[in-house]
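Note sheet for the following structure.
In the working numbering, the protein residues as written are 66 to 544.
Structural data, given as structure tokens:
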């Protein structure tokens, strides 16, 4: 539906009136100040983080971690009281407002998204700027497209008023120069990019549902011990299977009584253990990624073998959005750090509970600097069980408590090896692998599709905003 269009474009268009990329000569350039009804950031509510509410009563507080590029992430959304929100009425959000992270590191700084209705009512803190376009002048989705354009990322960095932790002022944001086409083209660009965003978001929600299903089964079987309690209580097998969704063969894998253990009562025949002991039992290991002396910034290349870093560990999967790469020769020299399906990669510092389960796609990639590699070895019956057990809140809390370091939590192989694990009989773990493994495979399929869609969107975005691509009905008309 779109055609390449170069008429009216030239290098002379680049930087006209300070705009950050080339665009057709007939497009006008406006400052963001001239196009918006509001530009401003919030503040820390009275009482600070200690005063946040445990659950939502009315108001949400949006922080920089909730703002990703073209995606609002509700994970970790903070909640505040009506009184706290009243002090921030100047940054009361409306659906469709554009958000921009105005402080942060090289990853979080300058990320931008729109506010969904599901987040409202809400306000922002001092690290997030609210940009409310005047819809009579510019489409909000077009402003978001501008702010997420690759060239604009560098453009925003040029206004950085901070040091290693970036910062940008309101005056600088107001001065951003936007090349603005006709409203019909703005809306067409918003629709094209938005349709891709919507499919990516749908896949994310589907994956959340699949994840919740796997977690629910794990909790029932291996945390709450529902089948064991039912059998021990004398409930009939037919009733248990109907109530818990089990087959008779699966129910038979659960014992019908409990026994005392060091950490409490557990199903009879199950074994308290540790991650390190299980690695030894199956011929596996826990090791660090390559140290800095083995891998330098100059070793990274544009095309090559991916190297998994802590920032790539997202929702127990590997994100390839910004993955680093090394040459095949370098990968050969670091082959002892090559990943295999079923491996688990942990972040060594910071969010030490963050990890990812390696899939077939990542086979042969490298465990990078700042990570720890866990390999339980051949014969381990269920990677899905391991991933769920390691991601269970009690295990995550254990890791945070036992991490070392005064200013930043750190993990090492010894701490990771001591992580407690409850080991059910092998046939039961294998049965869980069949159920949860199929759910995980569907998640991976959805994630791969989303990555492909994101690549398409990110390739289209600069071509659309430069006027290189046009819808055919506008091909002869005013751009």
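Even for Gly, the Cβ is constructed at its ideal location relative to N, Cα and C. The structure displayed is predicted, hence computed values, not measured ones.
Distance, residue j Cα to residue i Cα
i	j	result
residue 509	residue 412	21 angstroms
residue 242	residue 529	17 angstroms
residue 455	residue 218	36 angstroms
residue 462	residue 205	41 angstroms
residue 251	residue 203	8 angstroms
residue 66	residue 397	Low per-residue confidence applies at residue 66: pLDDT is 42, beneath 50, and the placement is therefore not dependable, though the value from the model is reported in the following sentence. The straight-line gap from Cα to Cα measures roughly 45 angstroms.
residue 101	residue 164	13 angstroms
residue 339	residue 433	24 angstroms
residue 262	residue 148	35 angstroms
residue 144	residue 399	46 angstroms
residue 196	residue 479	48 angstroms
residue 288	residue 215	46 angstroms
residue 244	residue 275	42 angstroms
residue 222	residue 477	35 angstroms
residue 524	residue 278	34 angstroms
residue 209	residue 321	58 angstroms
residue 544	residue 207	Caution is warranted here: a pLDDT of 38 is assigned to residue 544, below 50, making its placement in the model unreliable, and the coordinate value is therefore given only provisionally. Taking the straight line from one Cα to the other gives about 14 angstroms.
residue 430	residue 181	36 angstroms
residue 426	residue 367	19 angstroms
residue 491	residue 318	10 angstroms
residue 402	residue 355	7 angstroms
residue 125	residue 109	13 angstroms
residue 286	residue 140	26 angstroms
residue 225	residue 409	37 angstroms
residue 380	residue 420	8 angstroms
residue 457	residue 120	20 angstroms
Collapsed DSSP secondary structure at residue i in the structure displayed
i	result
residue 131	helix
residue 85	coil
residue 268	helix
residue 290	coil
residue 98	helix
residue 475	strand
residue 90	coil
residue 326	strand
residue 119	coil
residue 465	helix
residue 72	The predicted position of residue 72 is uncertain, since its pLDDT is 41 and thus under 50; a value taken from the coordinates is nonetheless stated next. Looking at residue 72 - three-state DSSP - the assignment turns out to be coil, as it is neither helix nor strand.
residue 341	helix
residue 208	helix
residue 387	coil
residue 347	coil
residue 230	coil
Test item: CB-CB of residue i and residue j under 8 angstroms
i	j	result
residue 231	residue 323	no
residue 422	residue 448	yes
residue 512	residue 382	yes
residue 96	residue 260	no
residue 106	residue 194	yes
residue 393	residue 415	no
residue 386	residue 374	no
residue 104	residue 238	yes
residue 311	residue 292	yes
residue 258	residue 522	yes
residue 515	residue 265	yes
Residues bridged to residue i (per DSSP)
i	result
residue 437	353, 411
residue 124	145
residue 166	193
residue 244	94
residue 238	None, per the DSSP bridge assignment.
residue 306	The partner list for residue 306 (beta bridge, DSSP) is empty, contrary to what the question assumes.
residue 557	What the structure shows of the chain is the stretch from 66 to 544, and residue 557 is not part of that stretch, so it cannot be assessed.
residue 179	163
Within-8 angstroms CB hit, residue i to chain D
i	result
residue 117	Among the protein chains of the structure shown there is no chain D, as only one such chain exists.
Discussion item. Would you call the region 437-451 in contact with the region 462-471, where contact means no fewer than 3 C-beta pairs closer than 8 angstroms?
Written reply: Result no; under three Cβ-Cβ pairs closer than 8 angstroms.
Worksheet item: Is there contact between the region 280-297 and the region 487-504, where contact requires at least three CB pairs shorter than 8 angstroms?
Response: yes
Worksheet entry | the region 128-145 / the region 175-192 touching (three or more Cβ pairs under 8 angstroms) | yes
Fill in: the region 482-490 in contact with the region 315-332 per 3-pair CB rule at 8 angstroms
yes
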